[in-house]
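Trainee: After the C-alpha cells below, expect a handful of questions from me.
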Amino acid sequence: TVLVVDFGAQYAQLIARRVREARVYSEIVPSTMPVAEMLAKNPKAIILSGGPSSVYTQGAPSLDRELFEAGVPVLGICYGFQLMATTLGGTVDNTGSREYGRTRLTVAKASSTLFEGTPSEQQVWMSHGDACSAAPEGFTVTASTELVPVAAFEDDGRKLYGIQHHPEVMHSTFGQQVLEHFLYRGAGLTPSWTTASIVDEQVAAIRAQVGGKRAICGLSGGVDSAVAAALVQRAIGDQLTCVYVDHGLMRKGETEQVEKDFVAATGVQLKVVDAADRFIDALAGVSDPEQKRKIIGREFIRVFETAQAELVAEAGAAGEDVAFLVQGTLYPDVVESGGGTGAANIKSHHNVGGLPEDLEFELVEPLRKLFKDEVRMVGQELGLPEEIVQRQPFPGPGLGIRIVGEVTRQRLDLLREADAIAREELTAAGLDRDIWQCPVVLLADVRSVGVQGDARTYGHPVVLRPVSSEDAMTADWSRLPYDVLARISTRITNEVAEINRVTLDVTSKPPGTIEWE
Ligand code: XMP
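Each residue of the sequence shown is one higher than the last, beginning at 12 in UniProt numbering.
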C-alpha cells in the first residue's frame, strides 16, 4: 500500500487515483492520523498531498519527524513538500509573489530520480503562495522556477523526495512520469495492481465474509450496483438475489437492459418489482423538487423492504440466513464521509438501491476501495455489457426530477422519447465518453407558440443539459457540435408531439447544478 496523506482540498483523491493508474494500490489517510498509526499500516511508500494551509501559520497541519525517519520512501507535494522542508530543517517563507497555474520548471539535475528522462524545461502546474528558499541538509536541489529557487529536492539515500508543483494534474506535462519515477525508482514498487487482481482479491474477501449465507442486492441499473452485484455473483453464485425496483421513472429501455442484458451476462437471480403505479400515484400533484425527492426515497424504501421480506419468507425456515446486503459504495463516498465537514444540503440525493437505515443486515461493499473509472474496468473484466459499464450517471429519482412541474404518466412518456433521441444521437456521434452526462429536462409548466406543417402549435420546451465533469462536484457545459445539436433538435420536435422547442443549457456548475431539480 501507498499511503496518501491528505492535507485538505481535493488533491489527495486525485493523487490516489494517479498512483493507481500506475497500478500501485493507494489509500488516503487524514493528516490528523498519528504517524505511528500510519506506519502500522506498513506502507511501502508515503505521499504527502498539497493543501490550503501555510506551513508557518499557527495551527497548520504538521507531521511528526518520525515519519521521515522510518525508512519508508516519502514524496512531498506542494504543502507536503514545504512541510518536509521545514520539518527537516529547510526554509520556507512567504515570497510575496504567488505562482498559480502553468509554470515553467527548470530541472537542475538530469540524473535526478524523479526527473530522469524528462526535459530540462517542462510545464508544471503550481498553486502556492509560500516557497522553499533553502533545502534541508543532505538534500540536493533538483529543480527551480523563475520565482522559486528550490522547486524540487531529493535525498536518494534516505529515499525522501519533494516537489513544489502538482504532478497529479494533467497540466503538469510529465506529472505522471514523475510520480511513477517516485513509485518505481524511488520506492522500488512494481506495477502489479490490475483489474484481474482486484477481482480475485474481492471474490476471496466476499466468500470469506458471506460464507454459506445468502445476500441480496438492490439494482438500480447504474454502473455501481451492477458491478457490485456481478462481483458478488462471481463469488457466491446463487446465494445472491438481486432486487430491481422499477419506479416508472426510468428511461426508455432501462428496465429491459437490467432484465435481459445484465442477467444474460451474469446469470444472476433477479426479482423485478413493478411499482410504477405506486410511485406515480404518490407523486400526483407534487411540483416541489425536494418533496418529489423525499416521496421517491420513501416509496423506494417501502417497496424494497417488502421485496426483502418476501425473499426472506421464500427462503423459509432458513430466513435468518439472508444476512447480507450488497451495496455499491465507492471510495470517494468512504473518504468523504470519513472527514466531511457537513456541507450544506443542496439537494437530498437519493440512491436508489440504497438501504433503509434500520435494516438488520450486514453490508457487503466490494467497491469500497475503488474509484468510478476502476469500477468500470472491473465491470469490463467481469464481462458486463458495454451499455451497462459505460453508462453515464443517472439520478436515483430518475425522470421524476427532470420534469419541472408535476410528474404525470403522459409527461414521463414525452420525456422518455425526447431523452432516448438525445441519447441515440450522442451515441451515434461518438460523444458518449466525452460528456459526463446529458440530462434532458421537460419544462412541463411552460408553453410556447410554434408553427409546424403550417399550423400553430402550443407545446412544451425541453432543455438539453450536456456537461463535462470529473466527479460531478463541478461541471462545465459541453460545447457539443452544432450539427449534433441540430439533429437532436430536429428529431425531437418532429418525433415527439407536444414538444415544439429544444433549448440548450449553457450554465456551469456552480452556479447551476447538473440536474434541474
Ligand atoms: P447535481 O444535480 O447535484 O448532480 O449537480 C450531481 C450528480 O449526481 C446525480 N444526482 C443523483 N444521483 N441520486 C443519485 O443517485 C440522486 O438523488 C441524485 N441527484 C442528482 C446527477 O445526475 C449528477 O450526476
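Each residue gets a CB set at the ideal place from its N, CA and C atoms; glycine is no exception.
What whole-angstrom Cβ distance do L74 and V46 have, given they're in contact under 8 Å?
Mentor: Along the sequence shown, one-based indexing puts residue 74 at 63. Along the sequence shown, one-based indexing puts residue 46 at 35. 7 Å between Cβ atoms; contact.
Trainee: For R434, which residues does DSSP report across the bridge?
Mentor: Working through the sequence shown from its first residue, we reach residue 434 at position 423. Answer by DSSP bridge pairing: none, since R434 is not bridged.
Trainee: Can you give me the start and stop residues for the beta strand (DSSP E) that R467 sits inside?
Mentor: To locate residue 467, count along the sequence shown from 1; it is residue 456. Element bounds for R467: A466 to L475.
Trainee: So who's on the other strand from M181, going by DSSP bridges?
Mentor: Position 170 of the sequence shown, counted from the first residue, corresponds to residue 181. DSSP lists no partner for M181.
Trainee: With DSSP run on the structure shown, which of helix, strand or coil describes L395?
Mentor: Here residue 395 refers to the residue found at position 384 when the sequence shown is read from its first residue. Residue state, collapsed to three classes: coil.
Trainee: Taking 8 Å as the threshold (C-beta atoms), are G229 and F150 in contact?
Mentor: Within the sequence shown, numbered from 1, the residue matching residue 150 stands at position 139. Within the sequence shown, numbered from 1, the residue matching residue 229 stands at position 218. No, they are not a contact pair.
Trainee: Three-state secondary structure (DSSP) at E132?
Mentor: Along the sequence shown, read from residue 1 onward, the residue named residue 132 stands at position 121. If DSSP states are grouped into helix, strand and coil, E132 belongs with the strands.
Trainee: For L491, name the three-state secondary structure that DSSP assigns.
Mentor: For the purposes of this step, residue 491 is taken as residue 480 along the sequence shown, with counting starting at 1. Coil at L491, not helix or strand.
Trainee: Could you tell me if T114 is buried or exposed, where buried requires 16 or more neighbouring beta carbons within 10 angstroms of its beta carbon?
Mentor: The count along the sequence shown starts at 1 and reaches residue 114 at position 103. Its Cβ being crowded by 16 or more others within 10 Å, T114 is buried.
Trainee: With distances taken between CB atoms, is the gap from V345 to R379 smaller than 8 Å?
Mentor: Looking up residue 345 in the sequence shown gives position 334. Looking up residue 379 in the sequence shown gives position 368. Yes, these two residues count as a Cβ contact at 8 Å.
Trainee: According to DSSP, simplified to helix, strand and coil, what is F335?
Mentor: Position 324 of the sequence shown, counting from 1, holds the residue named residue 335. Three-state result, F335: strand.
Trainee: Are the beta-carbon atoms of W488 and S459 separated by less than 8 Å?
Mentor: Walking along the sequence shown from the start, residue 488 turns up at place 477. Walking along the sequence shown from the start, residue 459 turns up at place 448. Against a cut-off of 8 Å, the Cβ pair of S459 and W488 comes out as no contact.
Trainee: Would you report the Cα separation of P396 and A276, rounded to the nearest angstrom?
Mentor: Residue mapping note: residue 396 aligns to position 385 of the sequence shown, counting from 1. Residue mapping note: residue 276 aligns to position 265 of the sequence shown, counting from 1. Straight-line Cα distance between these residues: approximately 7 Å.
Trainee: K224 bridges to which residues according to DSSP?
Mentor: Translated into positions along the sequence shown, residue 224 becomes position 213. Answer is none; K224 lacks a bridge partner.
Trainee: Could you check the C-alpha separation between A433 and G264 for me, to the nearest Å?
Mentor: By one-based count along the sequence shown, residue 433 stands at place 422. By one-based count along the sequence shown, residue 264 stands at place 253. Their backbone Cα atoms lie some 14 Å apart in a straight line.
Trainee: Going residue by residue through the region 260-330, where are the continuous beta strand (DSSP E) segments of at least 3 residues, counting only ones entirely within it?
Mentor: Qualifying beta strand (DSSP E) stretches, in chain order: 280-285.
Trainee: Who are the Cβ neighbours of V507 in its own chain at under 7 Å, not counting the five residues just before and after it?
Mentor: Locating residue 507 in the sequence shown gives position 496, where the first residue counts as 1. Once the five neighbours on either side are set aside, the close Cβ partners of V507 are L425, E428 and A429.
Trainee: Helix, strand or coil: which one does DSSP assign to L381?
Mentor: Here residue 381 corresponds to residue number 370 of the sequence shown, with the count starting at 1. Of the three classes helix, strand and coil, the one that applies to L381 here is coil, per DSSP.
Trainee: For ligand 2, I want to know if Q448 counts as a neighbour, meaning its beta carbon is within less than 7 Å of at least one of the ligand's heavy atoms.
Mentor: Although ligand 2 was asked about, the structure shown includes only ligand 1 as ligands.
Trainee: Looking only at DSSP bridge pairs, what is M49 linked to?
Mentor: One-based indexing of the sequence shown puts residue 49 at position 38. Its beta-bridge partners do not exist; DSSP assigns none.
Trainee: Looking at ligand 1, does it come within less than 7 Å of residue 612, judged from the CB to the closest heavy atom?
Mentor: Nothing about residue 612 can be read from this structure; the chain reaches only from 12 to 528.
Trainee: Could you work out which residue in A320, P406, R490 and M137 is closest to D445 when comparing CA atoms only?
Mentor: Position 434 of the sequence shown, counted from the start, is the residue given in the question as residue 445. Comparing Cα positions, the closest option is R490.
Trainee: What are the boundary residues of the beta strand (DSSP E) that F164 is part of?
Mentor: One-based indexing of the sequence shown puts residue 164 at position 153. Its beta strand (DSSP E) spans residues A163 to D166.
Trainee: Locate the alpha helix (DSSP H) running through R188, then write down its first and last residues.
Mentor: Counting from 1 along the sequence shown, the entry for residue 188 is found at position 177. According to the sequence shown, residue 188 is Gln rather than Arg. Per DSSP, Q188 belongs to the alpha helix (DSSP H) from G186 to E191.
Trainee: Answer yes or no: the CB of A324 versus the heavy atoms of ligand 1, is any distance below 7 Å?
Mentor: For the purposes of this step, residue 324 is taken as the residue at position 313 of the sequence shown. No; taking the cut-off as 7 Å, the Cβ of A324 has no heavy atom of ligand 1 nearer than that.
Trainee: For the alpha helix (DSSP H) containing T97, name the first residue and the last one.
Mentor: Your numbering for residue 97 matches position 86 in the sequence shown. T97 -> alpha helix (DSSP H) spans Y90 to T98.
Trainee: So what's R427 in DSSP terms, helix, strand or just coil?
Mentor: Translated into the one-based positions of the sequence shown, residue 427 becomes position 416. In the structure shown, R427 sits in a helix (DSSP, three-state: H, G or I).
Trainee: What's the call for Y90, buried or exposed, on a 16-neighbour Cβ count within 10 Å?
Mentor: To locate residue 90, count along the sequence shown from 1; it is residue 79. Flag for Y90 reads buried.
Trainee: Does the beta-carbon distance from A142 to L116 come in below 8 Å?
Mentor: Within the sequence shown, the letter at position 131 stands for residue 142. Within the sequence shown, the letter at position 105 stands for residue 116. Their beta carbons are not under 8 Å apart, which means A142 does not touch L116 by this criterion.
Trainee: Any contact between the region 278-294 and the region 243-263? By contact I mean 3 or more CB pairs, one from each, below 8 Å.
Mentor: Enough Cβ pairs lie closer than 8 Å, so yes.
Trainee: Would you check if the distance between the CB atom of V400 and the CB atom of G411 is smaller than 8 Å?
Mentor: On the sequence shown, position 389 is the one that residue 400 refers to. On the sequence shown, position 400 is the one that residue 411 refers to. No. Outside cutoff.
Trainee: Straight-line CA distance for Q93 to N53?
Mentor: Here residue 93 refers to the residue found at position 82 when the sequence shown is read from its first residue. Here residue 53 refers to the residue found at position 42 when the sequence shown is read from its first residue. Rounded to the nearest angstrom, the two C-alpha atoms are 24 Å apart.
Trainee: Skipping 5 residues on each side, what residues in its chain have a beta carbon closer than 6 Å to that of V238?
Mentor: One-based indexing of the sequence shown puts residue 238 at position 227. Answer for V238: V386, V389 and G390, listed in chain order.
Trainee: Just the C-alpha distance for A320 and M49, rounded to the nearest angstrom, thanks.
Mentor: The residue labelled residue 320 in the question sits at position 309 within the sequence shown. The residue labelled residue 49 in the question sits at position 38 within the sequence shown. About 43 Å.
Trainee: Might you give, ordered along the chain, the residues of its own chain that have their beta carbon closer than 6 Å to the beta carbon of G173, omitting 5 neighbours on each side?
Mentor: Translated into the one-based positions of the sequence shown, residue 173 becomes position 162. Closer than 6 Å at Cβ, skipping near neighbours: G87, F92, M95 and F164.
Trainee: Would you say the beta carbon of E526 is closer than 7 Å to some non-hydrogen atom of ligand 1?
Mentor: Counted from its first residue, the sequence shown places residue 526 at position 515. At least one heavy atom of ligand 1 is nearer than 7 Å to the Cβ of E526, so yes.
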